[in-house]
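Residue numbers (the numbering used here): 1 to 388. Even for Gly, the Cβ is constructed at its ideal location relative to N, Cα and C. Just so you know, these numbers come straight off a predicted model, no measurement behind them. Report on one structure; see the data block that follows.
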């Protein structure tokens, strides 16, 4: 019955709503067109992403000799640039993403039994846990970014949340207040875009892993000696082969969306974590800036972990497919059916690994390498600062 269908999109509905708010998810199953929503998306992205990046980047020219000021700006600039890139990739691939949302709710991708619903629920729960943690840390960053000049009373000195250059004097009213408001709106807009694009990518990978869970269970119950005849086994096997092909196709389309993006993302995140850890050593302990950097470095770490965790899950779950075949009652099958099973097993021997531009795979090992690289950046900055 239609009411019994498993709605995969239900889990990510809050993310879709947030993406709609920031102009990154047109209504229905359509992409961007010549309408008011597209105009809203262009204006809001220009005002709150591109302008925010431009004014901070321009300011680097005036503070180039101040290591603390440069490191305090460049980690934000790099992150905002990567978010602009994510936004562009999302908008460019919107039609494909909408199609993926249709595919995931198709009959082939539906869990068929209560056992399979329970199997996929663990993946959904893990995604929800990571998303909640990411949201909490991002909200903490936005809060302290918006209010630390007020909490430190530096607003009296016309200090803005972000170091930036503007073609007007911000050290007087009402320019200061309007600029402050723009920066607060910009960081909240940018954070919303970043969190929801990242969690959407994680959801796509989570869906792929969950589909391998369903496929594994289907293969284990391929042959019921009491109920199935050989024709049923052949039909089930063909459906499993088709399901496997569609999973690979889904993963390939999803990977096209974020393939190159992840290479840039991981480089920026590694540098950003290193710089942020350095900033933690130069600000006053337990100050509002300290808490800002604390939330930020943990938020970026969770962001990387989220990618690597679900990429690792895909590799692990896809590697179990051949073993699932051996767990079915294959000994009672005909020679022809056994040959078909062997051919299928040979084709699924290699696990599916999600790559970032073919340079490295999403795995827990990659997560550890990125964190080690970030620590190296921190150690270098700390050494340079100590010598200075």
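8 Å Cβ cutoff met for residue i and residue j
i	j	result
residue 279	residue 162	no
residue 219	residue 340	no
residue 124	residue 11	yes
residue 91	residue 24	yes
residue 364	residue 354	no
residue 190	residue 270	no
residue 188	residue 142	yes
residue 140	residue 295	yes
residue 377	residue 274	yes
residue 352	residue 318	yes
residue 18	residue 127	no
residue 328	residue 221	yes
residue 204	residue 243	no
residue 241	residue 344	yes
residue 58	residue 165	yes
residue 434	residue 186	The structure shown does not extend to residue 434, since the chain spans only 1 to 388, so no value can be given for it.
residue 170	residue 155	no
Residues near residue i in its chain [Cβ-Cβ closer than 7 Å; skip 5 each side]
i	result
residue 70	60, 63 and 64
residue 20	none
residue 252	none
residue 227	Unreliable placement is indicated for residue 227, whose pLDDT of 49 sits below 50; no coordinate value is reported for it.
residue 260	357
residue 81	53
Classification of residue i by the beta-carbon crowding that lies within 10 angstroms, buried from 16 upward
i	result
residue 138	buried
residue 368	exposed
residue 209	buried
residue 411	There is no way to answer for residue 411, as the model of the chain reaches only from 1 to 388.
residue 313	buried
residue 29	exposed
residue 225	Here the model assigns residue 225 a pLDDT of 46, short of 50, so the residue's position is not dependable and the matter cannot be decided.
residue 348	buried
residue 356	buried
residue 26	buried
residue 53	buried
residue 212	buried
residue 15	buried
residue 5	exposed
residue 132	exposed
residue 72	buried
residue 336	exposed
residue 13	exposed
residue 168	exposed
residue 160	buried
Any non-hydrogen atom of the ligand SAM closer than 7 Å to residue i Cβ
i	result
residue 320	Of the ligands one can find in the structure shown there are none, so the ligand SAM has no counterpart to examine.
Sequence-distant residues of the same chain with beta carbon closer than 8 Å to residue i, five excluded per side
i	result
residue 134	195, 198, 199, 299, 302, 303 and 306
residue 382	278 and 281
residue 276	75, 293, 296, 297 and 300
residue 3	No answer about residue 3 holds up, because its pLDDT of 45 lies below 50 and its placement is not dependable.
residue 217	113, 115, 116, 119 and 324
Cut-off 6 Å between Cβ atoms - residues of its own chain near residue i, not counting five sequence neighbours on either side
i	result
residue 31	94 and 95
residue 366	308 and 360
residue 232	none
residue 41	23
residue 371	none
residue 8	104 and 105
residue 434	In the structure displayed, the chain extends from 1 to 388; residue 434 sits before or after that span and is not available.
residue 258	201
residue 315	351 and 353
residue 263	356, 357 and 359
residue 44	23
residue 151	288
- Query: Does the pairing of the stretch 321-335 with the stretch 168-187 give three or more beta-carbon distances under 8 Å?
  - Reply: no
- Task: Could you pull out every unbroken alpha helix (DSSP H) segment of at least 4 residues lying fully inside the stretch 197-283, listed in chain order?
- Result: 230-282
- With a cut-off of 8 Å, do at least 3 Cβ pairs link the stretch 144-157 to the stretch 282-291? yes
- Query: At a cut of 8 Å, does the stretch 115-124 reach the stretch 99-106 through at least three beta carbon pairs?
  - Reply: no
- Count the CB pairs spanning the stretch 79-87 and the stretch 245-254 that are closer than 8 Å, and state whether there are at least three. Too few Cβ pairs lie closer than 8 Å, so no.
- Pick out the complete alpha helix (DSSP H) segments inside the stretch 43-75, 4 residues or longer, and give them in chain order. 51-59
- Scan the stretch 295-327 and note each continuous alpha helix (DSSP H) run of 4 residues or more that stays entirely inside, going in chain order. 321-326
- Query: Which full runs of the alpha helix (DSSP H) of 4+ residues lie inside the stretch 74-118, going along the chain?
  - Reply: 94-104
- At which residue ranges does the stretch 329-382 contain complete alpha helix (DSSP H) runs of 4 or more residues, listed in the order of the chain? 335-347
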